[in-house]
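For what it's worth, this note's numbering labels the leading residue of the sequence shown as 3, then goes sequentially. Note that CB positions come from ideal geometry on N, CA and C, so glycine has one too. Just so you know, these numbers come straight off a predicted model, no measurement behind them. See below for the structure under consideration.
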Amino acid sequence: MENLSTFSIGGVHPDDRKISRDCPIEVLPLPDKVFVSMAQHLGAPAKPLVVPGDTVKVGQLIAEPGGFISACVHSPVSGTVKSVGLREDLAGNKVTHIEIVVEGDKWEESIDRTPDLVTELPEDKAWILDRIKQNGVVGLGGATFPTHVKLAPPPGKTADFLLINGAECEPYLTSDYRVMMERGAEVLVGAALMQKALDGPRCIIGIEENKPEAIDHLSELLSGLADRNPAYRHIEIRPLKKKYPQGGEKQLIDALTGRQVKSMGLPIDVGAVVQNIGTTLAVYEAVQKNKPLITNVLTVTGDCLPVERQHNYLFRIGVPLSFIMEQAGGVPEGAEKIISGGPMMGKAVARVDATTVKGSSAILYLTGEQTLRRPEGPCIRCGRCADACPMGLEPFLLKKLAEAGDFTALEKNAVHDCIECGCCQYSCPANLSLLDTIRIAKGDMLRIIKSRPKN
Ligand code: SF4
Ligand code: SF4
């Protein structure tokens with residue numbers, strides 16, 4: 003493919019290692035129990051509505067939003083609530099979880115479980131938004147921002163573009179690819195629903211060139227839908243050049259519209275709303291099937307995992323990671339580190355009994371060779387980290403300022419704009435731990451900015 007668009011600044015080209023791309027989505031069996039986190043979205047934690055001893059059905063509301071930026075949480079299983087209390091999440095933070103012992107698989111009757119594709123679009127935008135909100139849909143591309151809030155731009159702002167992120171630019175991850183290949187029609191209806199909710203902006207689905215089958219498949223499905231219903235004629239599939247981090251919100255907006263989000267700005271400031279493939283499917287299910295966000299697709303992969311043990315699982319949200327790992331045959335020989343997510347932005351798994359959350363996308367096994375931290379050398383001022391930074395930052399300088407604790411200079415050099423993509427560290431010939439140092443400094447900087455009195 004010639005002259006494909008991509009973002010304009012920085013980026014790197016890691017080997018994409020999509021080993022599990024041909025593994026169809028399998029339904030993960032039900033575990034004995036699940037632990038449903040109250041903090042699996044951006045914003046205030048949800049407030050539990052159930053107590054030990056209550057019986058619940060699949061899809062039943064078990065926690066209500068704890069604030070404006072928050073989300074409903076539903077039971078992923080049927081059974082009895084055993085406990086409501088603090089438990090460590092993946093990052094080791096104590097978070098309220100609802101423990102449910104699984105009994106049978108009894109679903110809420112209001113959920114349409116038929117496989118029929120519903121392509122007719124509701125007219126009422128408020129109704130669409132309410133269904134998305136009531137069904138607890140959040141962004142599944144990483145940030146887990148409540149989707150109904152993102153689809154309601156603040157007064158004075160309008161969406162010119164709805165951009166669907168089908169880039170899946172992180173190496174190893176294949177869940178979005180499988181969803182595009184197996185649930186593509188539902189994804190397209192989900193995109194059209196969000197287009198309606200946003201008053202009809204132009205909708206572009208961006209897919210990297212390393213997924214040509216997904217580009218062809220969605221294009222074919224789209225032309226079939228557009229022939230039958232004009233509402234689907236304003237969706238476009240756009241191939242993108244393969245470059246990491248193409249799926250970053252600001253990078254995708256640049257690649258697909260040429261618009262640049264300013265420092266500390268939001269996508270809506272340039273008239274864009276970005277959603278990912280998993281979220282778009284969840285919107286379809288919420289609006290057309292009244293199904294809450296209780297399932298997602300997760301990739302189990304790694305170089306040390308034989309091909310027959312690679313998986314893309316449809317899992318119930320709240321299932322412990324250890325259960326998924328057992329189903330996939332246990333920790334493979336040669337695995338030295340387990341990552342939740344991709345190798346560039348994922349987080350090391352400290353406890354395998356931590357549970358999956360709405361945004362869980364992968365369990366990645368890394369080998370000793372891959373985790374080997376090579377000795378750090380002195381900075382040779384080669385500038386490769388700055389060339390690779392997609393936010394136009396100077397990582398070597400940020401690291402130096404972070405080590406000196408100079409927050410005035412860190413702010414001046416826009417440390418808060420770091421998207422934690424890891425391109426700088428990936429490019430550094432001196433093996434400097436740029437990302438880790440900058441990430442901590444960014445967290446401190448944001449806390450300082452937030453604590454300032456507002457005018
Ligand atoms: S991690 Fe931050 S500083 Fe490093 S390349 Fe990415 S955006 Fe730039
Ligand atoms: S890439 Fe590494 S060695 Fe080169 S300037 Fe950046 S920090 Fe220094």
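Any heavy atom of ligand 1 inside 7 Å of the beta-carbon of residue i?
| i | result |
| --- | --- |
| residue 393 | yes |
| residue 430 | no |
| residue 255 | no |
| residue 390 | yes |
| residue 377 | no |
| residue 436 | yes |
| residue 442 | no |
| residue 400 | yes |
| residue 397 | yes |
Looking at the structure shown, is residue i part of a helix, part of a strand, or coil, going by DSSP?
| i | result |
| --- | --- |
| residue 71 | coil |
| residue 219 | helix |
| residue 82 | strand |
| residue 262 | coil |
| residue 254 | helix |
| residue 386 | helix |
| residue 43 | coil |
| residue 23 | coil |
| residue 208 | strand |
| residue 15 | coil |
| residue 431 | coil |
| residue 245 | coil |
Does residue i pass the burial test, meaning 16 or more other C-beta atoms within 10 Å, or should it be called exposed?
| i | result |
| --- | --- |
| residue 148 | buried |
| residue 12 | buried |
| residue 390 | buried |
| residue 272 | buried |
| residue 43 | buried |
| residue 266 | exposed |
| residue 172 | buried |
| residue 300 | buried |
| residue 384 | exposed |
| residue 433 | exposed |
| residue 188 | buried |
| residue 302 | buried |
| residue 176 | buried |
| residue 350 | exposed |
| residue 153 | buried |
| residue 116 | exposed |
| residue 137 | buried |
| residue 159 | exposed |
| residue 112 | exposed |
| residue 17 | exposed |
| residue 375 | exposed |
| residue 451 | exposed |
| residue 225 | exposed |
Quick check: is any heavy atom of ligand 2 less than 7 Å from the C-beta of residue i?
| i | result |
| --- | --- |
| residue 424 | no |
| residue 420 | no |
| residue 1 | No answer is possible for residue 1: the residues shown for the chain start at 3 and end at 457. |
| residue 382 | yes |
| residue 385 | yes |
Note down the Cα distance separating residue i from residue j, rounded to an integer number of angstroms.
| i | j | result |
| --- | --- | --- |
| residue 357 | residue 305 | 24 Å |
| residue 1 | residue 347 | It is not possible to answer for residue 1, since the shown part of the chain is limited to 3 through 457. |
| residue 377 | residue 438 | 15 Å |
| residue 445 | residue 98 | 23 Å |
| residue 216 | residue 203 | 23 Å |
| residue 70 | residue 151 | 8 Å |
| residue 339 | residue 369 | 7 Å |
| residue 411 | residue 454 | 17 Å |
| residue 355 | residue 429 | 34 Å |
| residue 373 | residue 14 | 19 Å |
| residue 190 | residue 229 | 14 Å |
| residue 157 | residue 336 | 54 Å |
| residue 448 | residue 145 | 16 Å |
| residue 427 | residue 68 | 37 Å |
| residue 101 | residue 49 | 14 Å |
| residue 26 | residue 314 | 6 Å |
| residue 227 | residue 121 | 8 Å |
| residue 123 | residue 114 | 16 Å |
| residue 233 | residue 186 | 17 Å |
What I want to know is whether the C-beta of residue i ends up closer than 7 Å to one or more non-hydrogen atoms of ligand 4.
| i | result |
| --- | --- |
| residue 115 | Looking at this structure, you won't find ligand 4 anywhere; what it does contain is ligand 1 and ligand 2. |
Using beta carbons (cut-off 8 Å, strictly below), is residue i in contact with chain B?
| i | result |
| --- | --- |
| residue 217 | The structure shown has no chain B; it contains just one protein chain. |
Three-pair Cβ contact test at 8 Å for the segment 36-48 versus the segment 300-316: Flag = no, the segment 36-48 and the segment 300-316 do not touch.
Validate contact between the segment 289-304 and the segment 51-67 using beta carbons, cut 8 Å, 3 pairs: The answer is yes - the segment 51-67 touches the segment 289-304, with three or more Cβ pairs under 8 Å.
Meets three-Cβ-pair contact criterion under 8 Å: the segment 204-217 and the segment 395-410: Segments in contact, no.
Three or more C-beta pairs below 8 Å linking the segment 104-112 and the segment 77-85: Counting C-beta pairs with one atom in each stretch, the segment 104-112 and the segment 77-85 have three or more that are closer than 8 Å, which means they touch.
Touch test, the segment 7-23 against the segment 242-250, Cβ-Cβ under 8 Å, three pairs minimum: Segments in contact, yes.
Three CB pairs or more closer than 8 Å across the segment 274-281 and the segment 158-167: Proximity of the segment 274-281 to the segment 158-167 meets the contact definition, three or more beta-carbon pairs being nearer than 8 Å.
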